[in-house]
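S.K.: Please find one structure pasted underneath; my questions will follow.
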Amino acid sequence: MNKADIQTVDDIKVLVDTFYGTVQKDHLIGPIFNEKLEGHWPAHLAKMYTFWQTILLDEHTYNGRPFPPHAQLPIEKEHFERWLSLFNQTVDALYEGPTASEAKSRGSKMAALFQIKLEHIRKSPFPPLI
């Protein structure tokens with residue numbers, strides 16, 4: 578059976594809710610997210626809806642800087658790998674098509690970029706300007 582592609586903000590909400598539901602239960606990254614977002618999950622999910630709506634549907638609803646909130650988290654390469662694996666599994670379980678593929682591509686690029694930025698910040702002798 579063919580799956581639909583990501584086409585609407587409701588599709589984005591299903592993706593985000595399903596993904597972060599999995600993240601919250603994950604033994605590796607769940608504790609990091611749950612500690613940081615305790616009591617703030619609804620606001621975080623709403624922000625993620627607008628982020629992915631802007632990225633995937635070209636509907637400019639997100640205003641923010643996605644990297645700074647992650648800069649102080651105790652995350653390493655294995656955390657990014659798990660995040661990306663769970664994200665790709667969620668996309669694949671729910672959708673297929675060009676926008677679903679774009680979601681996975683953007684997730685991969687974002688994870689790689691965040692890792693590079695974190696490595697640079699951690700190796701720099703100067704405090705970050707974030």
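Just add 577 to the spot in the sequence shown (first one is 1) and you have the working numbering.
Cβ atoms here follow ideal geometry from the backbone N, Cα and C, with glycine treated the same way.
Every value quoted in this text rests on a predicted model; they were computed, and no experiment measured them.
If contact is defined by three or more beta carbon pairs under 8 Å, each pair taking one atom from either stretch, is the segment 649 to 657 in contact with the segment 617 to 624?
M.R.: At 8 Å Cβ cutoff, the stretches do not touch.
S.K.: Would you report the Cα separation of residue 674 and residue 703, rounded to the nearest angstrom?
M.R.: Those two C-alpha atoms are separated by around 44 Å.
S.K.: Hey, could you find the ends of the alpha helix (DSSP H) residue 588 is sitting in?
M.R.: Run containing residue 588: 586 to 602, per the alpha helix (DSSP H) assignment.
S.K.: So residue 617 is in the alpha helix (DSSP H); what residue range does that whole segment cover?
M.R.: Unbroken run through residue 617: none, as it is neither H nor E.
S.K.: Considering residue 671, what are the terminal residues of the alpha helix (DSSP H) in which it resides?
M.R.: Note, residue 671: alpha helix (DSSP H), 654 to 671.
S.K.: Secondary structure at residue 649, three-state DSSP: helix, strand or coil?
M.R.: Here residue 649 sits in coil by DSSP.
S.K.: Let me confirm a value: residue 606 is counted as buried when at least 16 other C-beta atoms fall within 10 Å, else exposed. Which label applies?
M.R.: With 16 or more other Cβ atoms within 10 Å, it is buried.
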